[in-house]
Amino acid sequence: MEDLDLKNIIEDIEYLASEKNSRMILNILVGNYPADVAQILGNLSEENEKYVFGLLDADTASDVIVELDDVSREKLVSELQHERISEIVDEMESDDATDLVAELPDEIAEKVLDAIDEEGSEEVKELLQHEQDTAGGIMALEYVSMSEETTVAETIEEIRAKAEDVPEVYNVYVVDKEGMLVGFLPLKNLIV
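Here the numbering used here runs 9 ahead of the position in the sequence shown, where the first position is 1.
Given below as structure tokens:
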């Protein structure tokens with residue numbers, strides 16, 4: 010986003026937020042990348058940042074919150090009710106959800122984990138057992154793996170079947186009969 014555009018958008022949203030014009034704010038934000046929305050939020054007054062973030066649906070909020078700098082995210086999350094945090098965490102991939110939950114006070118983290126779906130809660134709890142900067146702490150549990158004998162057509166069908174659980178597939182992991190990793194295939198190579 011161009012600096013001039015960003016400056017104008019921030020000024021417009023500051024004004025609209027002071028007027029509580031949620032419809033116009035959402036019209037401006039629709040179609041922007043989560044990183045751009047995060048940049049806009051980070052340049053708003055604290056009060057307006059909280060207000061505008063509150064307008065975002067849980068799915069959009071989950072994409073935006075991971076793009077915020079650590080200070081903005083921590084400040085914003087500290088102002089949210091645990092129910093709202095739960096809605097956001099429920100929409101996140103396991104590695105991002107784990108990072109967010111790890112930043113929460115223990116009491117709130119427990120409430121959030123109790124409120125999200127059981128599968129997501131178990132995944133986050135599993136990842137929380139690892140130190141944050143280790144391979145286990147940064148890995149995602151959502152991925153597509155196939156055996157060495159699987160055809161391209163079967164692999165594509167499997168990706169489609171898992172689309173809801175694995176929204177972003179960049180690689181397909183190839184495993185042997187024992188489930189050991191043999192290698193990976195970039196999605197681009199699979200479909201080209």
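Even glycine gets a Cβ: it sits at the ideal position worked out from N, Cα and C.
Since we're looking at a predicted model, the values are computed, not measured.
Problem - tyrosine 202, enclosing alpha helix (DSSP H) - first and last residue - result: The structure shown does not extend to residue 202, since the chain is modelled only from 10 through 201, so no value can be given for it.
Exercise for the section: Go to glycine 192, then tell me how far its beta strand (DSSP E) extends in each direction, as first and last residue. Expected result: 190–195
Problem - Heavy atom of the ligand PLP within 7 Å of aspartate 66 beta-carbon - result: Inclusion of the ligand PLP in the displayed structure is not the case, the ligand content being empty and no account of it being possible.
Problem - Euclidean distance between Cα positions of valine 181 and aspartate 21 - result: 43 Å
Problem - Buried/exposed call for aspartate 12, threshold 16 Cβ in 10 Å - result: exposed
Handout entry: Test item: CB-CB of alanine 118 and leucine 77 under 8 Å
Key = no
Practice task
Go to tyrosine 182, then tell me how far its beta strand (DSSP E) extends in each direction, as first and last residue.
Solution key: 180–184
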